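Chemist:
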Amino acid sequence: MKIGITCYPTYGGSGVVATELGLELAERDHEVHFISYAQPIRLIGPHPNIHYHEVEVSRYPLFEYPPYDLALASRMAEVAELYDLDLLHVHYAIPHSVSALLARQMMAAKPRGRKLPFVTTLHGTDITLVGLDRSYLPITRFAIEQSDGVTAISQYLRERTLREFDIRNQIQVIYNFVNCDVYCRGEKTSELKQEYAPNGERLLLHLSNFRPVKRVTDCIEVFDRVRKRIPSKLLMIGDGPDRSRAEWLAVQKGIHNDVIFLGKQDQVEEKLAVADILLLPSELESFGLAALEGMACEVVPIATRVGGIPELIEHGKSGYLADVGDVDTMARYAIELLSNEKALVEMANASRAVAQSRFCASRIIPQYEEFYRRVLERAS
Ligand code: GMT
Numbered sequence: 004m005k006i007g008i009t010c011y012p013t014y015g016g017s018g019v020v021a022t023e024l025g026l027e028l029a030e031r032d033h034e035v036h037f038i039s040y041a042q043p044i045r046l047i048g049p050h051p052n053i054h055y056h057e058v059e060v061s062r063y064p065l066f067e068y069p070p071y072d073l074a075l076a077s078r079m080a081e082v083a084e085l086y087d088l089d090l091l092h093v094h095y096a097i098p099h100s101v102s103a104l105l106a107r108q109m110m111a112a113k114p115r116g117r118k119l120p121f122v123t124t125l126h127g128t129d130i131t132l133v134g135l136d137r138s139y140l141p142i143t144r145f146a147i148e149q150s151d152g153v154t155a156i157s158q159y160l161r162e163r164t165l166r167e168f169d170i171r172n173q174i175q176v177i178y179n180f181v182n183c184d185v186y187c188r189g190e191k192t193s194e195l196k197q198e199y200a201p202n203g204e205r206l207l208l209h210l211s212n213f214r215p216v217k218r219v220t221d222c223i224e225v226f227d228r229v230r231k232r233i234p235s236k237l238l239m240i241g242d243g244p245d246r247s248r249a250e251w252l253a254v255q256k257g258i259h260n261d262v263i264f265l266g267k268q269d270q271v272e273e274k275l276a277v278a279d280i281l282l283l284p285s286e287l288e289s290f291g292l293a294a295l296e297g298m299a300c301e302v303v304p305i306a307t308r309v310g311g312i313p314e315l316i317e318h319g320k321s322g323y324l325a326d327v328g329d330v331d332t333m334a335r336y337a338i339e340l341l342s343n344e345k346a347l348v349e350m351a352n353a354s355r356a357v358a359q360s361r362f363c364a365s366r367i368i369p370q371y372e373e374f375y376r377r378v379l380e381r382a383s
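Here it is, written out as structure tokens:
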């Protein structure tokens, strides 16, 4: 198939999923065309089946708000025609599904009008935050309803979308995935562990875009409690609006020398694999891709019992769940686990087993391929 993929290229889990999906599809001999305003961050190195088309947005003085969604729609239609795309797959409803809808109409209106179906994948904040903003709700609902196929990344998100948007589409759940051959402990793991924990300290880790919904300061609170009992360090990977609040809190608590802010990282799997525990204390998480990536690397997740996280983590078996803001309980789980090597190893193995048996790319990508086939059949 020839598939056009659009996502937010530089920020957030939806862009990561879209990029990894494109890479996996390209490996399976599909032709993939990324259409976006910047090259997706995880799209490194050339691949014969991957093409990237940049969307230029002109900054004419009259445009106080440059119309990216229109430029995107034009580019989608252009690329679809030039490269004879079979379909578009947009990640994150706003504004991508609206642009795809326009591109579909542009293609249909051509003299030898042709079909360009599009699939929308809902990721989370496009529904739970942005989509419910009154100014976006009607257009988001309309574009979802107009999609030729809709997928959501958890049951939670599917049900919430159907309920709150009151739409009649079928929404298929296709979970987030991880390439278990890439996300695993490897040759470099112990060398890197030695670098961050030279005296054999335990390693806790957080990975996100540091937005308020991630509650990054809770990571500092949890770590502060753990560190009082167990020699340990905290690795903070990523960047975003709440980073400086977290840095300041670490300074105020006098623990900043043991909290390592690494910023945005390439080859995130190598850093993840060094950790014992991954903290994900989010206010809301429609799936929790970072937890899954950690689990594939045998890192035990301690997360909040919100959104789609319980679909991934079974409390007490493949990680721990606590209420939002309950940093004492999260710290207690971490201390208990880090004090019991046997329990830690067992749970780390259980985490990896969950990633392998339910969420590996090899299981999930065929679901997308099948979904595309059905959409194309219906559209023909
Ligand atoms: O929260 C983020 O990291 C960004 C956001 C996005 O859409 O870019 O992530 C969402 O999509 C991820 C991939 O599907 C999910 O694993 C995250 O749970 C989800 N984030 C939220 O729901 C807050």
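Take the sequence shown: its letter number 61 is residue 64 in this note's numbering, and every next letter is one higher. Ideal Cβ positions, reconstructed from N, Cα and C, are used throughout, including at glycine. Treat the numbers as computed from the prediction; the structure is a model and nothing was measured.
1) Counting only runs that start and end within the stretch 163 to 212, where is the alpha helix (DSSP H) found for 4 or more residues in a row?
2) Assuming Val35 and Leu28 form a contact by the criterion Cβ under 8 Å, report the distance between their Cβ atoms to the nearest whole angstrom.
3) Compute the Euclidean distance between the alpha carbons of Ala356 and Arg78, then round it to the nearest angstrom.
4) Does the beta carbon of Gly203 fall short of 7 Å from some heavy atom of the ligand GMT?
5) If you run the structure through DSSP and keep just helix, strand and coil, what is Ala306?
6) Output yes or no for whether 8 Å exceeds the beta carbon distance between Leu24 and Tyr375.
7) Which residue marks the beginning of the beta strand (DSSP E) containing Thr123, and which one marks its end?
8) Measure the C-alpha to C-alpha separation of Pro120 and Arg377 and round it to an integer number of angstroms.
9) What does DSSP give as the partner residue(s) for Met239 in the beta ladder?
10) Taking the continuous beta strand (DSSP E) assigned at Ile280, which residues delimit it?
11) DSSP three-state label for Val327, please.
12) Of the choices Trp251, Val93, Glu204, whose alpha-carbon is the least far from that of Leu237?
13) Helix, strand or coil, according to DSSP, for Ile147 in the structure here?
14) Just to confirm, is the Cβ distance from Pro49 to Asp72 under 8 Å?
15) I want to know whether the stretch 283 to 297 touches the stretch 164 to 172 - three or more CB-CB distances under 8 Å.
16) How far does the beta strand (DSSP E) with Thr9 in it reach, from first residue to last?
17) Should Val219 be listed as close to the ligand GMT, given that the test is whether its C-beta is under 7 Å from any heavy atom?
18) Classify Ala337: buried if its beta carbon has 16 or more other beta carbons within 10 angstroms, exposed otherwise.
19) Where does Glu339 sit, in a helix, a strand or coil, going by DSSP?
20) Looking at the unbroken beta strand (DSSP E) that takes in Ala249, where does it start and where does it end?
21) Indicate whether Thr143 and Ala96 have their beta-carbon atoms separated by less than 8 Å.
22) Would Ser61 be called buried (16 or more neighbouring beta carbons within 10 Å of its own) or exposed?
23) Taking Glu34 as part of the beta strand (DSSP E), name the residues at either end of that continuous run.
24) Measuring CB to CB, does His94 end up less than 8 Å from Ser17?
25) Could you give the residue range of the alpha helix (DSSP H) that holds Val93?
26) Start and end of the beta strand (DSSP E) containing His56?
27) Measuring from the CB of Ser247, is there a heavy atom of the ligand GMT at a distance below 7 Å?
28) Under the assumption that Tyr55 contacts Phe37 (Cβ atoms under 8 Å), give the Cβ distance between them as a whole number of angstroms.
Modeler: In short:
1) 192 to 199
2) Counting from one through the sequence shown, the residue named residue 35 turns up at place 32. Counting from one through the sequence shown, the residue named residue 28 turns up at place 25. Yes, they are in contact, since the Cβ atoms of Val35 and Leu28 sit about 5 Å apart, within 8 Å.
3) Working through the sequence shown from its first residue, we reach residue 356 at position 353. Working through the sequence shown from its first residue, we reach residue 78 at position 75. The alpha-carbon atoms of Ala356 and Arg78 are separated by roughly 42 Å.
4) In the sequence shown, residue 203 corresponds to position 200, counting from 1. The answer is no for Gly203.
5) Sequence index remark: in the sequence shown, residue 306 carries index 303 (1-based). In this structure, Ala306 counts as strand in the three-state DSSP scheme.
6) Your numbering for residue 24 matches position 21 in the sequence shown. Your numbering for residue 375 matches position 372 in the sequence shown. No, Cβ-Cβ distance for Leu24 and Tyr375 is not below 8 Å.
7) Position 120 of the sequence shown, counted from the start, is the residue given in the question as residue 123. 121 to 125 is the span of the beta strand (DSSP E), which, as asked, contains Thr123.
8) Working through the sequence shown from its first residue, we reach residue 120 at position 117. Working through the sequence shown from its first residue, we reach residue 377 at position 374. In a straight line, the C-alpha of Pro120 is about 11 Å away from that of Arg377.
9) The sequence position of residue 239 within the sequence shown is 236, counting from 1. DSSP lists His209, Phe264 as partners of Met239.
10) The sequence position of residue 280 within the sequence shown is 277, counting from 1. Here the beta strand (DSSP E) through Ile280 covers 280 to 283.
11) For this step, residue 327 is matched to residue 324 along the sequence shown. Three-state DSSP puts Val327 in coil, outside helix and strand.
12) The count along the sequence shown starts at 1 and reaches residue 237 at position 234. Considering only alpha carbons, the answer is Glu204.
13) Residue mapping note: residue 147 aligns to position 144 of the sequence shown, counting from 1. It is helical.
14) Locating residue 49 in the sequence shown gives position 46, where the first residue counts as 1. Locating residue 72 in the sequence shown gives position 69, where the first residue counts as 1. Not closer than 8 Å, so no.
15) no
16) Against the sequence shown, residue 9 aligns to sequence position 6. Taken as a continuous stretch (DSSP letters only), the beta strand (DSSP E) holding Thr9 covers 5 to 9.
17) Residue mapping note: residue 219 aligns to position 216 of the sequence shown, counting from 1. Not so, every heavy atom of the ligand GMT lies at least 7 Å from the Cβ.
18) Translated into positions along the sequence shown, residue 337 becomes position 334. So Ala337 ends up on the buried side.
19) Within the sequence shown, residue 339 is the residue found at index 336, counting from 1. Looking at Glu339 - three-state DSSP - the assignment turns out to be helix.
20) Counting from one through the sequence shown, the residue named residue 249 turns up at place 246. Ala249 -> not in any beta strand (DSSP E); alpha helix (DSSP H) instead, spanning 246 to 255.
21) The residue you call residue 143 lines up with position 140 of the sequence shown. The residue you call residue 96 lines up with position 93 of the sequence shown. Yes, the Cβ-Cβ distance between Thr143 and Ala96 is below 8 Å.
22) Indexing the sequence shown from 1 puts residue 61 at position 58. Its Cβ having fewer than 16 others within 10 Å, Ser61 is exposed.
23) The residue given as residue 34 occupies position 31 in the sequence shown. Counting along the chain, the beta strand (DSSP E) containing Glu34 begins and ends at 34 to 39.
24) By 1-based counting over the sequence shown, the position of residue 94 is 91. By 1-based counting over the sequence shown, the position of residue 17 is 14. Cβ atoms of His94 and Ser17: closer than 8 Å.
25) Here the question's residue 93 lines up with position 90 in the sequence shown. Here Val93 belongs to no alpha helix (DSSP H); instead the beta strand (DSSP E) covers 90 to 94.
26) Residue numbering aside, residue 56 sits at position 53 when the sequence shown is read from its first letter. Segment 53 to 57, the beta strand (DSSP E) holding His56.
27) Taking the first residue of the sequence shown as 1, we reach residue 247 at position 244. Flag unset: Cβ of Ser247 not near the ligand GMT.
28) For the purposes of this step, residue 55 is taken as residue 52 along the sequence shown, with counting starting at 1. For the purposes of this step, residue 37 is taken as residue 34 along the sequence shown, with counting starting at 1. Yes, Tyr55 and Phe37 are in contact; Cβ-Cβ is about 5 Å, under 8 Å.
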